[in-house]
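Q: Top line first, the protein sequences correspond to chains U and V.
With my numbering as the guide, the letters of the first sequence map in order to residues 1033 to 1145.
With my numbering as the guide, the letters of the second sequence map in order to residues 25 to 138.
Using N, Cα and C, we set each Cβ at its ideal position, and we do this for glycine too.
Because the structure is a prediction, the values reported are computed rather than measured.
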Amino acid sequence: QQQVKQSPQSLIVQKGGISIINCAYENTAFDYFPWYQQFPGKGPALLIAIRPDVSEKKEGRFTISFNKSAKQFSLHIMDSQPGDSATYFCAALKGGSQGNLIFGKGTKLSVKP
Amino acid sequence: ETGVTQSPTHLIKTRGQQVTLRCSSQSGHNTVSWYQQALGQGPQFIFQYYREEENGRGNFPPRFSGLQFPNYSSELNVNALELDDSALYLCASSRGGAGQETQYFGPGTRLLVL
Chain U
1033 QQQVKQSPQS
1043 LIVQKGGISI
1053 INCAYENTAF
1063 DYFPWYQQFP
1073 GKGPALLIAI
1083 RPDVSEKKEG
1093 RFTISFNKSA
1103 KQFSLHIMDS
1113 QPGDSATYFC
1123 AALKGGSQGN
1133 LIFGKGTKLS
1143 VKP
Chain V
25 ETGVTQSPTH
35 LIKTRGQQVT
45 LRCSSQSGHN
55 TVSWYQQALG
65 QGPQFIFQYY
75 REEENGRGNF
85 PPRFSGLQFP
95 NYSSELNVNA
105 LELDDSALYL
115 CASSRGGAGQ
125 ETQYFGPGTR
135 LLVL
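#1: Where do the N-terminal and C-terminal ends of the beta strand (DSSP E) with residue 1047 of chain U fall, by residue?
#2: Which residues in chain V sit within 7 Å of residue 1102 of chain U, going by Cβ to Cβ distance?
#3: Which residues, in chain order, does the stretch 1116-1142 of chain U contribute to contact with chain C at a C-beta distance below 7 Å?
#4: Cα separation between residue 1090 of chain U and residue 1096 of chain U?
#5: Does DSSP put residue 1111 of chain U in a helix, a strand or coil?
#6: Which of the three DSSP states is assigned to residue 100 of chain V in this structure?
#7: So residue 78 of chain V packs on residue 90 of chain V, CB below 8 Å; how close in whole Å?
#8: Does DSSP put residue 1125 of chain U in a helix, a strand or coil?
#9: Cutting at 6 Å between CB atoms, please list the residues of its own chain near residue 1088 of chain U, excluding the five before and the five after it.
#10: Is the shortest distance between the beta-carbon of residue 1037 of chain U and the beta-carbons of chain V less than 8 Å?
#11: Is the shortest distance between the beta-carbon of residue 72 of chain V and the beta-carbons of chain U less than 8 Å?
#12: Rounded to whole angstroms, what's the CA-CA distance from residue 105 of chain V to residue 44 of chain V? Just pull it up for me.
#13: So, does the CB of residue 132 of chain V fall closer than 8 Å to a CB anywhere in chain U?
#14: Do three or more CB pairs link the stretch 25-33 of chain V to the stretch 46-63 of chain V at distances below 8 Å?
#15: Which residues, in order along the stretch 1047-1061 of chain U, keep a beta-carbon less than 8 Å from a beta-carbon of chain V?
#16: Report the three-state DSSP secondary structure of residue 109 of chain V (helix, strand or coil).
#17: Closer than 9 Å, Cβ to Cβ, to anything on chain V: give me those residues from the stretch 1065-1084 of chain U, in chain order.
#18: I'd like the span of the beta strand (DSSP E) that includes residue 1066 of chain U, first residue to last.
#19: Contact criterion: CB-CB distance below 8 Å. Does residue 156 of chain V meet it with respect to chain U?
#20: Hey, out of V/80, V/130 and V/56, whose CA is closest to residue 119 of chain V's CA?
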């Protein structure tokens, strides 16, 4: 049973465009939702995170939109750049779950010049 | 860079052997979590160590074990290696405690089991 479903699997965007990656979750006990960026051969790097009491959070070109009733959240990358080409993972964590981040399967983003 | 370091960077073992992977947590962090990332997949939680004790475990068999030391560094040990154990092993450190969920990942150890 996949607790966090991520789409699309891959995404191609032109430089300057908006990249949108979506995630859906099932467990309403999740209360922390981070997004990670991973380059080939590297560990995941935290981009931005949100809690369910907030509907949107913005940090630079990265925005998380959160819809608690639909149990969905998404990452928007504004003004996408070739350097943003990487794999992006959404994740979710239950309060008090001793660090058990549940990851989506990832989205491979390619930003074309 | 997160300040989380892992060693070695790459490792090749044969089926049935044992392996030990090491992780140094970021300064000020007392909690280490280990994850397994198969090729093309998201990381999967193995277990977490807090104050030198296992503090949560994912769906991994007992041949996956760990340690945490007084300086909060950690080891992951895998016995009786299987071909499916080939993966990137990631450790992540965090401050621990309520409201301190943010986990910072190291670069990983790439393990190949032949």
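A: Reading from the atomic positions:
#1: As a working note, residue 1047 of chain U is residue 15 in the first sequence. It is not in any beta strand (DSSP E) - residue 1047 of chain U carries neither H nor E in the DSSP assignment.
#2: Along the first sequence, read from residue 1 onward, the residue named residue 1102 of chain U stands at position 70. Those do not exist, as residue 1102 of chain U stays about 21 Å from chain V at its closest Cβ, beyond 7 Å.
#3: The chain labelled as chain C is not found among the protein chains of the depicted structure, namely U and V.
#4: Along the first sequence, one-based indexing puts residue 1090 of chain U at 58. Along the first sequence, one-based indexing puts residue 1096 of chain U at 64. C-alpha separation (whole angstroms): 6 Å.
#5: Counting from one through the first sequence, the residue named residue 1111 of chain U turns up at place 79. Coil.
#6: Along the second sequence, read from residue 1 onward, the residue named residue 100 of chain V stands at position 76. Looking at residue 100 of chain V - three-state DSSP - the assignment turns out to be strand.
#7: Position 54 of the second sequence, counted from the first residue, corresponds to residue 78 of chain V. Position 66 of the second sequence, counted from the first residue, corresponds to residue 90 of chain V. Indeed they touch by this definition, with Cβ atoms about 7 Å apart.
#8: By 1-based counting over the first sequence, the position of residue 1125 of chain U is 93. Strand.
#9: For the purposes of this step, residue 1088 of chain U is identified with residue 56 of the first sequence, where counting begins at 1. So the list reads 1097, once near-sequence residues are dropped.
#10: The residue given as residue 1037 of chain U occupies position 5 in the first sequence. Chain V places no beta carbon closer than 8 Å to that of residue 1037 of chain U, leaving this residue out of the contacts.
#11: By one-based count along the second sequence, residue 72 of chain V stands at place 48. By this cut-off, residue 72 of chain V is an interface position.
#12: Here residue 105 of chain V is taken as the residue at index 81 of the second sequence, counted from 1. Here residue 44 of chain V is taken as the residue at index 20 of the second sequence, counted from 1. Spanning the two alpha carbons is a distance of roughly 11 Å.
#13: Position 108 of the second sequence holds residue 132 of chain V. Yes - at least one Cβ of chain U is within 8 Å of the one on residue 132 of chain V.
#14: Counting C-beta pairs closer than 8 Å gives three or more between the stretch 25-33 of chain V and the stretch 46-63 of chain V, which meets the contact rule.
#15: Those would be none; no residue qualifies.
#16: As a working note, residue 109 of chain V is residue 85 in the second sequence. Three-state DSSP puts residue 109 of chain V in a helix.
#17: Within the stretch 1065-1084 of chain U, those residues whose Cβ lies closer than 9 Å to any Cβ of chain V are, in chain order, 1066, 1068, 1070, 1073, 1074, 1075, 1076, 1077, 1078 and 1081.
#18: Reading the first sequence from its first residue, position 34 is the one you call residue 1066 of chain U. According to the DSSP assignment, residue 1066 of chain U belongs to the beta strand (DSSP E) that extends over 1062-1070.
#19: The structure shown does not extend to residue 156 of chain V, since chain V is modelled only from 25 through 138, so no value can be given for it.
#20: The residue labelled residue 119 of chain V in the question sits at position 95 within the second sequence. Looking at the Cα atoms, V/56 is the closest of the given residues.
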